[in-house]
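Numbered according to the UniProt record's numbering, the sequence shown spans residues 1 to 307.
Positions of the beta carbon are idealized from the N, C-alpha and C atoms, including for glycine.
Okay, so here's the structure we're looking at.
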Amino acid sequence: MAIIAQRLPPHVYFVVSAVFHYLGPALAVLLFARVDVLGVAWLRIASAALVFVLWRRPWRLWGQLDRPGRWLLIRWAAVLAVMNSVFYLAIDRLPLGTVAAIEFLPVIALAALAARTRRNTLALVVAVAGVYLLTDVRLVAEPLGLAFAAANAVLFALYIVLGHRVARSPQMSGIDGLGLSMLIAAVIALPVGAWQAVPAFLDPVALAAAAGVGICSSVIPYVSDQLAMARLPRATYSLMVSLLPATATVVGIIVLTQIPALAETIGVVLVVAGVALHQEKQEHTPSDRSDQMPGEEADRAVRLEPG
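Encoded structure:
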């Protein structure tokens, strides 16, 4: 399995992440009728943490880390807890594609830091234009929703920065670090979300749906992110995130029947064009890097320099 993971291009993992990044939240929107928003957010985090506990036993990693490594995971856990909560508060008030577009804006700044060619600069300009059309914030009369979306956007940028550090850390497997951070995040979010999640424990359908949301939202995409981040430069990954507003728009159409206007459709096209224009910086990375799979010791012996 590790050999298969190594041979697949990192972009494949990103595409998987892009699809599930908003498929899970779209299903969560349907769940809001049964469970309060913050309750669904906590169930998402807790169910994902349970999957990692059963799969990776991530608590064993804690004793192997030095103080900086532990603080890295604690900071990432805090970001995960708050980001998931404000994201759900935003999509409860705004269309999924709008939240995704706002979420993307700070992320493109990360890619801009490494854009040293005219082609990459043009790619950023085109992608930003597409995001602007997708956002269409002038027609959204929901200031609180926009505030939550803006907070989520900043936290999503932090998620990428900290997630890249975990993926490239010599002390841990990225997936083990993710699992431990998710476990800590469930504890951090417990005081706010657990009480609102109580009705789900009396509703087997809602509880099963919440577990599915957690797997679709926080296990599949975040694991895919770690597999992609371990092999992609941060600037490349950050620009590829510009696909997410387009993905969210498509998911919103299929799952939530949120039909985009013509300007939003043009925005999707521009976002995809921006990604297509982007040209990666050539890097020399070890071909035997397979640190994201269970039982691999190479992930603690090989260190990749951040992109």
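Any chance the region 162 to 169 sits against the region 10 to 27, with 3 or more Cβ pairs inside 8 Å?
Contact fails: fewer than three Cβ-Cβ distances are below 8 Å.
Between L30, A246, A123, which lies nearest to T236 when the distance is taken from Cα to Cα?
On the sequence shown, residue 236 is found 236 positions in, with the first residue counted as 1. Minimum Cα distance to T236 is reached at A123.
Can you give me the C-alpha to C-alpha distance between G69 and L61, rounded to a whole angstrom?
Against the sequence shown, residue 69 aligns to sequence position 69. Against the sequence shown, residue 61 aligns to sequence position 61. Cα to Cα, the separation comes out at about 10 Å.
Secondary structure of R75, DSSP reduced to three states
On the sequence shown, residue 75 is found 75 positions in, with the first residue counted as 1. Note: R75 maps to helix in three-state DSSP.
Assign P58 to one of two classes, buried (16 or more other C-beta atoms within 10 Å of its C-beta) or exposed (fewer than that).
Here residue 58 corresponds to residue number 58 of the sequence shown, with the count starting at 1. P58 comes out buried.
Is the CB-CB distance between A263 and L133 below 8 Å?
Stepping through the sequence shown from its first residue, residue 263 is reached at position 263. Stepping through the sequence shown from its first residue, residue 133 is reached at position 133. Cβ atoms of A263 and L133: closer than 8 Å.
Residues in its own chain within less than 6 Å of P106 by CB, not counting five upstream and five downstream?
What you label residue 106 is simply residue 106 of the sequence shown in a count that begins at 1. So the qualifying residues of the chain are A153, V154, A157.
Contact between the region 265 to 273 and the region 192 to 201 (3+ Cβ pairs under 8 Å):
no
At least three beta-carbon pairs within less than 8 Å, the region 89 to 103 to the region 245 to 256:
yes
Which whole-angstrom value describes the C-beta separation of F52 and L207, a residue pair presumed to lie in contact below a C-beta threshold of 8 Å?
Your numbering for residue 52 matches position 52 in the sequence shown. Your numbering for residue 207 matches position 207 in the sequence shown. Wrong, their Cβ atoms sit about 18 Å apart, outside the cutoff.
Could you name the residues of the same chain whose beta carbon sits closer than 7 Å to that of R138, not counting the 5 residues immediately before and after it, in chain order?
Numbered from its first residue, the sequence shown carries residue 138 at position 138. Low per-residue confidence applies at R138: pLDDT is 48, beneath 50, and the placement is therefore not dependable, though the value from the model is reported in the following sentence. Excluding residues within five positions, none has a Cβ falling inside 7 Å.
Taking C-beta to C-beta, are A78 and I175 nearer than 8 Å?
As a position in the sequence shown, residue 78 is number 78, starting the count at 1. As a position in the sequence shown, residue 175 is number 175, starting the count at 1. In this structure, I175 does not lie closer than 8 Å to A78 by Cβ.
Classification of V205 by the beta-carbon crowding that lies within 10 angstroms, buried from 16 upward:
Position 205 of the sequence shown, counted from the start, is the residue given in the question as residue 205. The Cβ neighbour count for V205, taken over all protein chains shown within 10 Å, is under 16; the residue is labelled exposed.
6 Å CB neighbourhood of L31 in its chain, flanking five on each side removed
In the sequence shown, the residue the question calls residue 31 occupies position 31. So the qualifying residues of the chain are V40, A209.
Helix, strand or coil at S169 [DSSP, three-state]:
Counted from its first residue, the sequence shown places residue 169 at position 169. DSSP places S169 in coil when its eight states are reduced to three.
Quick one: residues in its chain with C-beta nearer than 6 Å to the C-beta of V35, no 5 flanking neighbours on either side, listed in chain order?
For the purposes of this step, residue 35 is taken as the residue at position 35 of the sequence shown. Same-chain partners within the cutoff: P199, A200, A206.
Over what stretch of residues does the alpha helix (DSSP H) that includes E264 continue unbroken?
Against the sequence shown, residue 264 aligns to sequence position 264. That run of the alpha helix (DSSP H) goes 262 to 277.
Leaving out the 5 sequence neighbours to the left and right, which residues in its chain are closer than 7 Å to V251 when beta-carbon positions are compared?
In the sequence shown, the residue the question calls residue 251 occupies position 251. Y22, L23, A26, L96.
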